[in-house]
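Worksheet: one structure, shown below.
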Amino acid sequence: MGNSIAKDLWQKLKNRFYQGDVFKIAELQEKLFSIKQGDLSVTHYFTKLKGIREDLETFIPLPQCNCTLKCTCVFDTVSNYRKNTFVVRFLRGLNEQFGSARSNIMLMNPLPSIDSTYSMMLQQERKLLGTDIAEPSPLLSTASSNTFQSRGRGHGRGGRGRGPGGRGSSKLCAYCGKTGHLIDTCYHKYGIPPHLKKQNQINNLTTEDDDCGEPISLYENQGESSHAKFTS
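Counting along the sequence shown from 1, when you hit position 97 you're at 97 in UniProt numbering, and nothing is skipped either side.
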């Protein structure tokens with residue numbers, strides 16, 4: 001008797017507040033499919049996304065498998081679908097500097113678990129931070145070398161040569177719109193690493209020297225003057 005009353009009461013409460021749940025579910029689903037990393041770290045972004053998923057699962061819980069021996073229901077299929085959806089949403093919301101690692105993971109079949117994916121993205125984040133702040137990567141060194149060589153002088157007065165990092169470069173930064181590098185090594189986005197600031201000052205002095213024209217050789221002028229005195 002008591003169980004029947006409790007069941008009826010629960011059914012009435014469900015019917016009364018079900019419509020409100022629909023709006024909440026719609027709101028959570030919209031957040032899940034629109035959230036982006038932005039200025040958040042990978043850890044903070046993952047925590048925020050996980051909170052949205054947990055809230056959504058309280059309103060739409062997975063059905064329980066009640067099969068006695070061998071499972072004949074579609075519980076595993078539905079469960080795997082939800083897990084893969086969360087992995088994809090996590091990857092798609094990451095910033096563009098994770099694009100290469102994201103593509104590699106999304107090409108895996110089957111997809112790794114969300115914990116494995118999160119761990120791989122943490123390693124990628126540490127790699128990017130180490131590349132841009134601590135030690136230069138080969139890509140960063142190549143881009144810096146190409147930039148320095150592209151500022152060399154040409155032959156003769158007023159001429160300027162172009163190094164390998166000139167117009168022919170196929171690299172285009174999606175952040176600043178300039179060629180010769182990618183967003184992963186963009187100084188406008190991450191700043192110039194400390195070990196390259198001194199080199200950058202040398203480049204600036206070289207550019208200013210080019211703008212003023214070719215320097216006149218002091219020794220050539222002195223030689224011409226001495227020669228004139230000797231022959232006069």
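A virtual CB, placed ideally from N, CA and C, is assigned to each residue, including glycine.
> Excluding five sequence neighbours on each side, which residues of the same chain lie with their C-beta closer than 8 Å to the C-beta of Met-106?
Replying inline: Numbered from its first residue, the sequence shown carries residue 106 at position 106. Once the five neighbours on either side are set aside, the close Cβ partners of Met-106 are Val-88 and Leu-91.
- prompt: Quick one: is Phe-59 near chain B, going by C-beta distance under 8 Å?
  reply: No chain B appears in the structure shown, which is made up of a single protein chain.
Can you check whether the CB of Pro-61 is closer than 8 Å to the CB of Phe-75? Position 75 of the sequence shown, counted from the first residue, corresponds to residue 75. Position 61 of the sequence shown, counted from the first residue, corresponds to residue 61. No.
(message) Closest to Glu-96 by C-alpha separation, out of Gln-124, Thr-77 and Ile-114, would be which residue?
(response) To locate residue 96, count along the sequence shown from 1; it is residue 96. The option with the nearest alpha carbon to Glu-96 is Gln-124.
- Query: How do the region 20-28 and the region 36-46 stand: do at least 3 beta-carbon pairs fall below 8 Å, yes or no?
  - Reply: No, the region 20-28 does not touch the region 36-46.
Cβ shell of Asp-21 (< 6 Å), same chain only, five flanking positions each side left out: Numbered from 1 along the sequence shown, position 21 holds the residue referred to as residue 21. The residues are Phe-59.
Handout entry: Rounded distance between the beta-carbons of Arg-102 and Leu-94, thought under 8 Å
Key = As a working mapping, residue 94 is identified with position 94 in the sequence shown. As a working mapping, residue 102 is identified with position 102 in the sequence shown. Confirmed, about 6 Å.
Thr-77 (DSSP reduced to helix, strand or coil) | For the purposes of this step, residue 77 is taken as residue 77 along the sequence shown, with counting starting at 1. If DSSP states are grouped into helix, strand and coil, Thr-77 belongs with the helices.
From the DSSP output, in three-state form, read off Thr-179 for me.
The sequence position of residue 179 within the sequence shown is 179, counting from 1. Thr-179: strand per DSSP, three-state reduction.
**Asked** Just curious, the alpha helix (DSSP H) that Thr-47 is in, first and last residue?
**Response** Counted from its first residue, the sequence shown places residue 47 at position 47. Where Thr-47 is concerned, the enclosing alpha helix (DSSP H) stretches over 42-59.
Between which two residues does the alpha helix (DSSP H) holding Thr-117 run?
Residue 117 sits at position 117 when you count from the first residue of the sequence shown. Membership of Thr-117 in the alpha helix (DSSP H) is indicated by the continuous run 114-129.
Report the rounded CA-to-CA distance for Lys-70 versus Arg-53, giving the unit in angstroms. Within the sequence shown, the letter at position 70 stands for residue 70. Within the sequence shown, the letter at position 53 stands for residue 53. Answer to the nearest angstrom: the Cα atoms are 29 Å apart.
* Asked: Out of Leu-129, Ser-100 and Phe-86, which has the shortest C-alpha to C-alpha gap to Ser-116?
  -> Counted from its first residue, the sequence shown places residue 116 at position 116. With distances taken between Cα atoms, Ser-116 lies closest to Phe-86.
Within 10 angstroms of the Cβ of Ile-114, are there 16 or more other Cβ atoms? Answer buried if so, exposed if not. Taking the first residue of the sequence shown as 1, we reach residue 114 at position 114. Counting Cβ neighbours within 10 Å, Ile-114 comes out buried, since at least 16 surround it.
Item to complete: Determine the DSSP secondary structure at Leu-172, reduced to helix, strand or coil.
Response: Residue 172 sits at position 172 when you count from the first residue of the sequence shown. Strand at Leu-172.
Review point. Going straight from the alpha carbon of Arg-126 to that of Glu-57, what length do you get?
Key: On the sequence shown, residue 126 is found 126 positions in, with the first residue counted as 1. On the sequence shown, residue 57 is found 57 positions in, with the first residue counted as 1. Cα to Cα, the separation comes out at about 31 Å.
Exercise for review: Measure the CB-CB distance between Leu-182 and Lys-189 and report whether it falls below 8 Å.
Suggested key: For the purposes of this step, residue 182 is taken as the residue at position 182 of the sequence shown. For the purposes of this step, residue 189 is taken as the residue at position 189 of the sequence shown. Not in contact: Leu-182 and Lys-189 (Cβ atoms no closer than 8 Å).
In three-state DSSP terms, what is Ile-35? Here residue 35 corresponds to residue number 35 of the sequence shown, with the count starting at 1. It is coil, neither helix nor strand.
For Met-121 versus Val-42, is the C-beta spacing smaller than 8 Å? Numbered from its first residue, the sequence shown carries residue 121 at position 121. Numbered from its first residue, the sequence shown carries residue 42 at position 42. In this structure, Val-42 lies closer than 8 Å to Met-121 by Cβ.
According to the neighbour-count rule (16 or more other Cβ atoms, all chains shown, within 10 Å of its Cβ), is Leu-129 buried or exposed?
-> Taking the sequence shown and counting its residues from 1, the one referred to as residue 129 is at position 129. By the 10 Å Cβ count, Leu-129 comes out exposed.
Review point. By Cβ distance below 6 Å, which residues in the same chain neighbour Asp-184 in space, the five residues on each side in sequence not counted?
Key: Numbered from 1 along the sequence shown, position 184 holds the residue referred to as residue 184. Excluding sequence neighbours, Asp-184 sits near Gln-97.
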